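Below is one structure, written out as structure tokens, with a few remarks after it.
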Amino acid sequence: MLLAIALLLAAAAPAPSRAASSAQAAQRSFSVAAGPLAHVIAQYANQAGVALSFDAAQLGRRQSPGLQGRYAVDDGFARLLEGTALQAVRESSGVYTLRPLPAAASGIGGQTLGTVTVRATAPASATTEASDSYAASLVTGYKGLQSVRDIPQPVTVLTRQWLDEQALPDLHAVLQHTPGVTVEYIDSERIAYYSRGYQIDSLQVDGLNVNQVASASTFIQPDTAMLDRVEVLRGATGLLRGAGSPSAMVNMVRKRPTAQWQGSAALTLGSWDRQRMEADLSGPLNAAGTLRGRLVALADDKASFQTARKEKRLGLYSALEADLGPRTTLTAGLQHTDLQATGSWGGLPAAADGSQLGLPRSTYLGTPWNTWDRHNQQAFAELEHRLDSGWQLKAQAAHTRFRSDGFKQTSFSRASDSNPYLFDVSTSIYGGDGSTQNALSLLASGPFEALGRRHELSLGADLQRIRSTGATGYWGVSPLRNVDIRGWNPYTSYPEPFYSEGNGNAYSSPVSHIHQYGGFARARLSLTDSLTAIAGARLSWWSYLEPGNAQSGYSVRRELTPYAGLVHALSDTLDAYASYSEIFSPQDKKAADGSILAPARGEDLEAGLKGSFMDGRLQASVSLFRIQRVGSAMQDTASAMPCLPWYPTSHCFMAGGKSRSQGWELELSGEPAPGWQVLAGYTYTYARYLRDASEANVGQPLRPVDPRHALRLFASHRFKGPLQGWTAGAGVRLQSDAYASVGDVTTRQGGYALFDALLAYRLDDTYSLQLNVSNLLDKRYYAKFSPNSTYFNNYYGDPRNVTVSLRARF
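Just add 9 to wherever you are in the sequence shown, counting from 1, and you've got my numbering.
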């Protein structure tokens, strides 16, 4: 069905083209406040829903009275640019650029604008679609539209162009290639992400917290077909999101409806029987262009390099955007994803001495009847109102459901201490668990005058409520004894058992409620022409409860989270920054007096440089960081043992744990030379325990499985001349050695490099072919490894795999 939709879209391509011309000429209501012309024209393009790229130096320090009334898009540009000797020209890509008027039309002969000190590129919005660039200068995850250079923390933006050229289908694949992020398998279906030694414990979509743990059993890795970009802000982000760890914040920004008709379709075939289809259609839905819509549909069906593993994904995303008035825009939409997966609890075992057993990469210690099916849905709405004063009011709401149909898994337990290949096999079957999440965010932001200077203020409040339902079922069903896994055949070794009550050991997990709400204020204070201070604070309330279990509840009240930063413009292209930020992590452990421990606190110090070069087409940064997590729960050996009535087998706890992560990062993104695009990031991280209940841990790495050195690099080149239409690219994912320990047993994996390649050819203005090769040299490595001989905690990384895509854009 999806392929039929794509073919219909391709057949209808000429009709949207005519509709685009009509929409472009149609008049719309605009309300753009007075201010610097560079800012005014960017706001105008944003309200018009068109992409605009220009050099702010073209406009100098000109002021503009703004624009009020009804205009066609081109007429509005012409009105704003009167007297500048410039015109707005719509390129074939749909992006507007500013070009000099012909001498006769300008009325000022060959006069050119003088040299100015305004920053280089000023895109109209943070949207990266149709930018043809790996670089982005604006983000929205920082509570409102912000320049990357104005944020005193490192930010990585994975643009639409980068996502397309890398051919990365979901968030898991994206973060594997993202500088400063490490990926860890929990099992075949659950993935955990880390940055700077701490887990990334919350994700955002369009700036809203919608999922507390990306590794939850009901979570589906979001598909990139629905996204415009992914923003990764590293460090403590408590001001923006409340509770969490001092790692990073990942904000996925969805595609939005466009003012002009556009469409695309793609068919991808690849290794392990991969078949993927995408269709994307967007544009105005009425003659005035005040109602716009977008529809994205996808189907992804694939097997695996492991025998008998399969996965099928279906996704649908729809959004409507309506201008309720000249200053008010309402956006609403639905997103739905279904995933059918065989899935499994574990990977491969290790020997008793921690060494790997050398099993083939195709080994799958599961069966075809293993299931782990999930459904994720979200309904969302956003209302934005713009005031004449330059202030903006924004309200967002989302209702999200994560649900599992239940799962059936094969489980292995070691049967022999002398034979590392001998295991007992049984089945676990659980009914579906899930969670329902409601999120609300209110934001007011805008300029104000004080002491003769112009400043910015943001005020916000947010609320999140999560209700999780537990799974129930049985484990240890129909055991099969003394199985040699070297002869395991997923199709024949273990037929699906009969399930009945009493056939196995009962299991259930509780229903739980998490509530979080808070408010924040942040001010950007212009101290001098080149020095800006950022100061802010958040006040948070957080609670956890398992209904029916009075002992389970704990809460955090009036938790204050401060933020401070400085940004100093060293030149038009280079800034220096420093910042201090915090975040808190609630804890459920009890002290000897029965009180709940205070939250652990993450403290983050940052300093660095950010630059924007080549008229904003190239972004660069270097950052130094030092994070301390203080007050983590650790056993209080001075308390009684056992510490009754709370801990019958251990001491009580104290908030005495302390860890530190420090290092530095380098990043380069964008166009270093004509025709080239690059995203490169190097990270050095040294994270260790400073204080722990176990003296043996003190001074040891916090996460020895994370590499201390990591490099992510991908570059592409679009040829001209005789090779016009060809694009070639290559990349490397390189990391240093790492190790894992269980007791006295340690396993190490040496450093390794994975190479990727791209070759694409544009057949004509509509169609293109693209070849991607991942792990080009077929490096054999472990994506996760552990010396634990009881649990199956070893996972091979993907072998070499190839995809070929046919794309159509119209």
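By construction, the Cβ of each residue, glycine as well, lies at the ideal position given by its N, Cα and C atoms.
This one's a predicted model, so the numbers in the text were calculated from it and none came from an experiment.
If you compare alpha carbons, which of the options is closest to residue i?
i, options, result
"tyrosine 617", "Gln162, Ser427, Asp196, Ser38", "At residue 617 the sequence reads glycine, which differs from the tyrosine that was named. Of the listed residues, the one whose Cα sits closest to glycine 617 is Gln162."
"serine 273", "Leu248, Asn379, Ala139", "Ala139"
"glutamate 320", "Ile229, Gln344, Arg263", "Ile229"
"cysteine 661", "Trp673, Gln671, Glu458, Met643", "Met643"
"glycine 292", "Ala573, Val59, Leu583, Tyr572", "Val59"
"threonine 756", "Pro796, Leu772, Phe728", "Pro796"
"glutamine 744", "Gly759, Val754, Arg285", "Gly759"
"asparagine 558", "Phe421, Thr93, His522", "His522"
"aspartate 305", "Gly342, Arg283, Arg318, Ala312", "Before going further, note that residue 305 is valine rather than aspartate in the sequence given. Residue Gly342 is the option with its Cα nearest to valine 305."
"serine 630", "Val639, Ser197, Gly620", "Gly620"
"proline 654", "Ala600, Pro608, Glu680", "Ala600"
"tryptophan 281", "Asp807, Arg635, Ser641", "Asp807"
"alanine 312", "Thr351, Ala42, Arg303", "Thr351"
"leucine 489", "Thr445, Leu554, Arg423, Arg476", "Arg423"
"leucine 374", "Gly461, Asp493, Thr478", "Asp493"
"proline 519", "Thr478, Ala682, Leu534, Pro45", "Thr478"
Who are the Cβ neighbours of residue i in its own chain at under 8 Å, not counting the five residues just before and after it?
i, result
"valine 486", "Ser435, Thr436, Ser437, Ile438, Pro506, Tyr508, Asn512, Gly513"
"glutamate 100", "Thr106"
"leucine 366", "Leu357, Pro358, Ala359, Ala360, Pro429, Tyr430"
"glycine 455", "Leu396, Ser398, Gly399, Trp400, Gln401, Glu465, Leu466"
"threonine 646", "His660, Ala702"
Between residue i and residue j, what straight-line distance do the alpha-carbon atoms span, to the nearest angstrom?
i, j, result
"leucine 212", "aspartate 715", "21 Å"
"aspartate 733", "histidine 186", "Looking at the sequence itself, residue 733 is glutamine, so the reference to aspartate does not match. Roughly 28 Å separates the two Cα atoms."
"proline 109", "aspartate 624", "17 Å"
"threonine 812", "leucine 785", "12 Å"
"alanine 81", "glycine 738", "40 Å"
"threonine 692", "valine 166", "16 Å"
"serine 777", "alanine 453", "43 Å"
"tyrosine 804", "glutamine 72", "59 Å"
"glutamine 271", "histidine 408", "29 Å"
"aspartate 426", "asparagine 498", "23 Å"
"serine 226", "serine 142", "35 Å"
"tyrosine 483", "aspartate 414", "15 Å"
"leucine 217", "threonine 149", "11 Å"
"threonine 799", "tyrosine 500", "24 Å"
"leucine 575", "threonine 481", "52 Å"
"serine 564", "glutamine 155", "33 Å"
"arginine 809", "asparagine 55", "42 Å"
"phenylalanine 314", "alanine 689", "29 Å"
"alanine 649", "glutamine 596", "20 Å"
"isoleucine 50", "arginine 721", "36 Å"
"histidine 718", "proline 651", "42 Å"
Output needed for residue i: all residues of its chain with C-beta closer than 6 Å, excluding positions within five of it in sequence on either side, in chain order.
i, result
"serine 38", "Arg79, Pro335"
"alanine 275", "Glu287, Ser814, Arg816"
"threonine 338", "Asp332, Glu393"
"leucine 325", "Ala306, His345"
"aspartate 471", "Ser450"
"aspartate 382", "Gln349, Asp414"
"phenylalanine 764", "Val741, Leu785, Leu786"
"serine 115", "Model confidence at serine 115 stands at a pLDDT of 43, short of 50, so the residue's coordinates are unreliable and nothing is read from them."
Have a look at the DSSP bridge pairing and note the partners of residue i.
i, result
"cysteine 661", "Answer is none; cysteine 661 lacks a bridge partner."
"histidine 181", "DSSP, once it has assigned bridges, lists no residue as partnering histidine 181."
"isoleucine 605", "Lys599"
"lysine 667", "Val639, Arg700"
"leucine 300", "Ala331"
"proline 456", "Glu465"
"phenylalanine 529", "Gly469, Arg547"
"aspartate 729", "The question names aspartate, yet the displayed sequence has lysine at residue 729. Paired residues: none, contrary to the question."
"aspartate 765", "Gly740"
"lysine 319", "None; lysine 319 has no bridge partner."
"arginine 721", "Gly690, Arg742"
Who are the near neighbours of residue i in its chain, counting only those whose CB is closer than 7 Å to its CB and skipping five residues on each side?
i, result
"serine 4", "Outside the shown range of the chain (10 to 819) lies residue 4, about which nothing can therefore be said."
"arginine 243", "Gln162, Pro163, Gly189, Ser204, Arg205, Ala257"
"threonine 2", "No answer is possible for residue 2: the residues shown for the chain start at 10 and end at 819."
"threonine 121", "The pLDDT assigned to threonine 121 is 38, lower than 50, so where the model puts this residue is not dependable, and the model offers no usable value."
"methionine 663", "Ala600, Met643, Asp645"
"arginine 712", "Tyr203, Gly206, Ala696"
Handout entry: Three CB pairs or more closer than 8 Å across the stretch 653-667 and the stretch 621-635
Key = Output reads no: the stretch 621-635 does not touch the stretch 653-667.
Handout entry: the stretch 577-586 in contact with the stretch 604-611 per 3-pair CB rule at 8 Å
Key = Segments in contact, no.
Exercise for the section: Would you check if the stretch 230-240 and the stretch 167-181 touch, i.e. whether three or more CB-CB distances between them fall below 8 Å? Expected result: Under the three-pair Cβ rule at 8 Å, the stretch 167-181 counts as touching the stretch 230-240.
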